[in-house]
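Novice: With numbering that gives the first Met the number 0, letter number 15 in the sequence shown gets 14, and the count goes up by one each step, no holes. Positions of the beta carbon are idealized from the N, C-alpha and C atoms, including for glycine.
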Amino acid sequence: MKHYSRLIQAPIVQSLGLDNTAHLFDNVIDEEDKKKIRRLYSKYKYDHGLEAKGLKIARFKLKLSTLNELKKLAKEHYNEDQTQTLEELIGGSFDRHLDCKHDEKMARIEAKKVSRGSMLNARRNHIIEKLSEKQLQDELKSRDFECAELQRKLEQIQKENQSLQCSLAQSEENIRHLEHEVSRQQKRYTFRKKSDLTTTY
C-alpha cells in the first residue's frame, strides 16, 4: 500500500461521502506514521452479512493497536466532529447509515420488481400468442416417441414377467416332486421298521 488514503478509500468511505477525508490524511501524516499504519493494517474484506441487506460493504479488519493509532492521528489533525466520524467509520458503527441506505435500496428493488413483473407478463403473453402450430406438432411428435418408448419397455417387462412365472411354475413342480419323494421314503422307512420289529418278536 503506497498511500494511507488507500486504507480508508474502501467502498463504504465513498458511500458515506468521505472521499476527501482520505487524501487529507495523506497530507497531514508523515512517512513514519504511514509506515506504522502499514505495519499494523490488516486488509479489509466484504461483509457478506451486510450483503443480505442489499449493500456491498467493505469492513476493515484492524488490530486494536491499529484502531488506537488511527484514532490518535484523527484527534491530532481533525476537529471533534470529524474525529467522531472517522472513529465510527473505522470501528464499523454504520447502523443509521445502513438503515437509511437499506430503505432506499428496498424501495428501488420493489419498484424494479413491479416493472420487471409487468415486462415478464407481457413477454409470456407474447410467447403464448406466437406459439406456432409447427411447435405444437413437434411437441406432439416428441410425446408420441415417449409413448412408443414406454410401450416398448412395458412389453419387455411383460416378457420378463412371463419368464419369471414359468420359472416359478417349474420351481413349484420341483417342490411337489421332492415332497412326494420324501413322503415315499418315509413310508418305506416306517414299513421296514415294523417288519424288523415283527421279526424280532
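(1) Can you give me the C-alpha to C-alpha distance between Leu163 and Gln157, rounded to a whole angstrom?
(2) Run through DSSP, which three-state label would Lys111 get?
(3) In this structure, how does DSSP classify Ser41 when only helix, strand and coil are distinguished?
(4) Distance check for Gln161 and Arg201, CA to CA, integer angstroms please.
(5) Note down, in chain order, each residue of its chain lying with its Cβ closer than 6 Å to the Cβ of Asp18, except the 5 sequence neighbours on either side.
(6) Does DSSP classify Lys158 as helix, strand or coil?
Specialist: Taking the geometry as given:
(1) Within the sequence shown, residue 163 is the residue found at index 164, counting from 1. Within the sequence shown, residue 157 is the residue found at index 158, counting from 1. The straight-line gap from Cα to Cα measures roughly 10 Å.
(2) Mapped onto the sequence shown, residue 111 falls at position 112. It is helical.
(3) The residue you call residue 41 lines up with position 42 of the sequence shown. Any reading at Ser41 is ruled out, since the residue's pLDDT is 45, under 50, leaving its predicted position unreliable.
(4) The requested residue 201 is not part of the displayed model; the chain covers only 0 to 200.
(5) Translated into the one-based positions of the sequence shown, residue 18 becomes position 19. Only weak support exists for where Asp18 lies, its pLDDT of 40 falling under 50; the value from the coordinates is given anyway. Answer for Asp18: no residue qualifies.
(6) On the sequence shown, residue 158 is found 159 positions in, with the first residue counted as 1. Three-state DSSP puts Lys158 in a helix.
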